[in-house]
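Structure first, commentary second.
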Amino acid sequence: MSPVLEKAPTYVAGLDAILEGGLPRGRTTVLSGASGSGKTLLALEFLYRGALAGEPGIFIGFEERLEQLRENAATLGWDLAALERDNRLFLLAGHLSPDTAVSGDFTLQGLLAVAAGKSREMGARRIVIDALEVMLRLFDEPRQVRNEMHRLNDWLQQAGLATVLTVRPATRGGSSYLEDFFDSMGDCCIVLDHRVAEQIATRRLRVTKYRGSGFVRNEVPYAITDSGFFAAAISTVGLRHKPLGEKITTGIASLDEILDGGFRRGSCVLFAGLPGTGKTLLCSSFVAAACGRGERVLYVGFEESEAALVENVRSAGVLLQPHLESGTLRLLTSFPEAMGAEEHYLRALGAIEDLRPAHVVVDAISACERMGGRQAAFEYLMRLLNACKERGITVLLVNQTGSDALAEISGNGISSLVDTVIGLAYHEGYGEITRLLHVLKSRGSRHSNQKREFVITDRGIEILKAYVGEGEVLTGTARQVQEAKDRVEAQRLDFEIRATELELDRLRQLLQHRKEGFARRAALRGTSPPAEGGSLPSPGQQEG
Amino acid sequence: MAPRPGHDQPNAGAPTVRLRLFVAGEEPNSAKARAVVARLCRERLAGRCQVEIVDVFEDFEAAIRYGVSVVPTLVVEGASSHGTIVGSLCDEAVVLAALGLSAAEGEHER
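Going line by line, the protein sequences match chains A and B. Mapping to the working numbering: the first sequence position 238 is 1397, numbers consecutive. Mapping to the working numbering: the second sequence position 67 is 82, numbers consecutive.
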C-alpha cells in the first residue's frame, strides 16, 4: 500500500474537486501563468482561506507592493490586515528597494532566515513565494541561480510547509533552465492560461502534474469573481440530468389550466416573443408564486437593473421586493458585455452553489450573444442549463425575438434542452393590439393548443377565453368593426411599406456589393470599371 | 526599537556613520563583507563609525525591520550618507560612494 499523500485544502471554489482534495502538504506546487492570469490572487487565496480555516501562512512577494496586495484583496472582501494582526498571516516584500547598490555576491539566506523564524513563531502551515523569477534575475550567473534554488528547495523540504511558488513562464524561450528547475521542484504543477479571443477573455486552468495523486486532467475554465477565484470542471454533459418533477403553478391560474396544472419542476421553460409582449411579467409571476411557497429563486438579468425590474412588474401587481428582502429571491444583474461567457457562467454557477435555488430565470437569452458571439452564447446556455438540470432546478428562459419566426423562437439551438415553449405575440385586431399566448410545446404533459388572448392588469396577467379568429365579432357595432377594419388595413399597408423599404435597402446593398466586386475584378484585369452600371432600382421595378 | 540615526554629534567634528551589517553566520560572502567593513572603519572612518553585526539566523526580527532579504546587506545611516548595499562588498568603489567617501587613498578626505 502506498503512503497516503496528505493534502492541504485550498478552500478555493471548485479547485479542491479538481485536485482531489487540495495541494500536497510538505511539498511544492508550482503555479505558472502569464501576468494578468490571476496566479498571485489564487496563491493568496490559498493562504487567506487557509488562515481563516486555522492554518497560518506566509506570503513572500517579489513583485507587487504589499499595500497594493492588501487593497486588491479588500476589493474581494478579504481583510488581510486583520489576519496579519492575529499573526495568522504574514506578508513580506522580498524585493530590493530600487536604490540598493550591489557590490559582490549575495544569497537569499536573509529571506530564508526570516521565513524560518516567522514560520516557527506563528506555527505556519502554508507558504507562498510569488514571482520568484523576478528575484532570481538579480543573479548574474546560472550557477548562482541554481545554488539559490537548491538552498530554497532544501529549506522548503525541511520546513514541511504546503508551498506554492508562482512563476511567469519565460517568453521567447528565455531562461528555460529556470523553468526546468521549477518543474522538477514541483510535486504539483498548475498552469493558468489567459487568452483573449474576439475581445473576450477566456481563462483556463490545467493541472499538468500531481505526483502521487489523481486529478482532473482536462482544461478547466476559471474566473475571478467578486469574492475570489473560481474554477469549474465541465461535468459529463447530459448524463446526470434529474427527471422532471411534479407540476407546479405558473403563478397564473388560467395559465395553469392551459398547461394542465402548470410547469414541471426541474423542467426548462422558454418564453419567446417580441419586446413588450409580457415575457418578463410571466416569469415574475412564477417567481413571486415560488418565493411565496418559500422556494428560492435566482434571477439572472441582462436587460434591466434590479430596481427597474421590481418596479416594472410591481405596476402589474407582481411583488418581488419582499422576496428580495427575505433572501428567497436573488437578482444577479450584469451587462452581457461586462465579461466573457466563461465568467458569466461561473458567476451564475457560483450564485447557484451559494443560494441553492429551486428555480433559475435567465432574462434574456437573446442578450447572451453580446458576451462574445453566437457560439459563446450557445456554450453559456448549454452549460448553465446542464448545471441546472443536474441539480433538478427549474429554468425559465426569456427569449426576445425580432420576429414570430419559429426557428428564432426556439432559441439559440438549445431547443433539445427546452421542455416547454410559450410563444407570445401581438395581434392587431379591431382597433386595439392584443397580446396572444400560445403553448408551442410542452414535453411530458397535455396542453391546450389554442392561441389565447391575455391582458395585463394591475392585478397581474389574465388569460382570456380562446381567441377564435378573424371576422368573428363577439361585441361591438358594425361601425366600430368597420373603423377597426380600416385601421387594421392602414396598419397592414404601413407594415407592407416598411417591409418593402427594408427589401429595397437589402437590394441596394446587394447592388453595391456586386458593383464593388465587379470593380475589384476589373482592377485585377487592369481594365477600368465600366461607367455607372445602371441606376438604383425603384420599388416599382422590383421583381417578386 | 531601531535607533534614529543621523543626528548624533552634528557639529563635533566629522559626523558619525552607523553601519548595520546583516550576515548569515559564517558563510563566505558574509565573512568577506565583515572584513571589508572592519577595514573601512579602521582606515577611513576611524572614530566616527558605529558598527553593528546582525546575524539573520539569530535576529530575524531585525531583518524584517530593515527589509533585509539577501545577505550580506549593509545598511548605512549617517548625516551625509544613507543607503543600502548588498553583496560581499568586494567592489569597494560602490561601498565608498554609498558612504560618501572619495575613492582616493588619502587618509583625510574632505
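C-beta atoms are modelled at their ideal positions from N, C-alpha and C, and glycine is treated no differently. Owing to the predicted nature of the structure, the values given are computational and were not obtained by experimental measurement.
- Residue environment analysis places R35(B) among the buried positions, since at least 16 neighbouring C-beta atoms fall within 10 angstroms of its C-beta.
- Cβ contact annotation for F1341(A) (same chain, cutoff 7 angstroms, sequence separation greater than five): V1189, L1324, V1326, in chain order.
- Taking the beta carbon of T99(B) as reference, the chain A residues within 8 angstroms of it are L1255, S1256, D1258, T1259, A1260, listed in sequence order.
- Here DSSP, grouped into helix, strand and coil, assigns L1441(A) to helix.
- Exclusion of the five residues before and after Y81(B) leaves V90 as the residues of its chain whose Cβ lies within less than 6 angstroms of its Cβ.
- The alpha carbon of V1477(A) has as its nearest neighbour, out of P1183(A), V1647(A), C1442(A), the alpha carbon of C1442(A).
- Annotation for T1492(A): the continuous beta strand (DSSP E) segment containing it runs 1488-1492.
- Neighbours of F1265(A) in chain B, taken as residues at a C-beta separation under 8 angstroms, are given in chain order as N44, V85, V86, P87, T88, V101, G102, S103.
- Secondary structure remark: continuous beta strand (DSSP E) runs of at least 3 residues inside the segment 1381-1426 of chain A, in chain order: 1387-1390.
- In the three-state reduction of the DSSP assignment, I1581(A) falls in the strand class.
- Contact of L1270(A) with chain B by beta-carbon distance below 8 angstroms involves S84, V85.
- Secondary structure at D1289(A): strand, using DSSP grouped into helix, strand and coil.
- Contiguous beta strand (DSSP E) elements confined to the segment 1470-1522 of chain A occur at 1488-1492, 1518-1522, taking only those with 3 or more residues.
- Around the beta carbon of D1313(A), fewer than 16 other beta carbons sit within 10 angstroms, so the residue counts as exposed.
- Beyond the five residues adjoining it in sequence on each side, G1410(A) comes within less than 7 angstroms, by CB distance, of S1444, F1445, A1447, A1448 in the same chain, given in chain order.
- Contact between the segment 1213-1227 of chain A and the segment 1175-1191 of chain A is absent: fewer than three C-beta pairs spanning the two stretches fall below 8 angstroms.
- Distances from the CA of D70(B) to each of L111(B), E107(B), G98(B), R49(B) were compared; the closest alpha carbon is that of R49(B).
- Proximity to A1431(A) across V1614(A), A1681(A), L1596(A) peaks at L1596(A), based on C-alpha coordinates.
- For E92(B), the number of other beta carbons within 10 angstroms of its own is at least 16, and it is reported as buried.
- A Cβ-Cβ separation of about 15 angstroms leaves A1546(A) out of contact with I1524(A) under the 8 angstroms criterion.
- Note on geometry: alpha-carbon atoms of V1261(A) and W1237(A) lie some 37 angstroms from one another.
- In the DSSP assignment, E1648(A) forms no beta bridge with any residue.
- Using a Cβ-Cβ cut-off of 9 angstroms, I68(B) is close to nothing in chain A; its nearest Cβ partner there is about 14 angstroms away.
- Following the DSSP letters along the chain, one finds D70(B) inside the beta strand (DSSP E) bounded by residues 64-70.
- By the C-beta criterion, the segment 1292-1299 of chain A is judged not to be in contact with the segment 1224-1235 of chain A, since fewer than 3 inter-stretch pairs fall below 8 angstroms.
- In the DSSP assignment, H97(B) falls within the beta strand (DSSP E) that extends over 97-101.
- Nearest neighbour of E42(B) by Cα position, chosen from V109(B), G102(B), E58(B), turns out to be G102(B).
- Looking at A1252(A), V1614(A), G1435(A), the one whose alpha-carbon comes closest to that of G1561(A) is G1435(A).
- The secondary-structure analysis by DSSP pairs H1597(A) across a beta bridge with G1582(A), K1610(A).
- For the options A1283(A), Q1317(A), L1337(A), the alpha carbon positioned closest to that of E1307(A) is the one of L1337(A).
- Nearest CB-CB separation between A78(B) and chain A: below the 7 angstroms threshold.
- Contact annotation for A53(B) against chain A: no contact, minimum CB-CB distance about 16 angstroms [criterion: below 8 angstroms].
- Between P1481(A) and R1529(A), the CB-CB gap reaches or exceeds 7 angstroms.
- At least one CB of chain B lies nearer than 7 angstroms to the CB of V1273(A).
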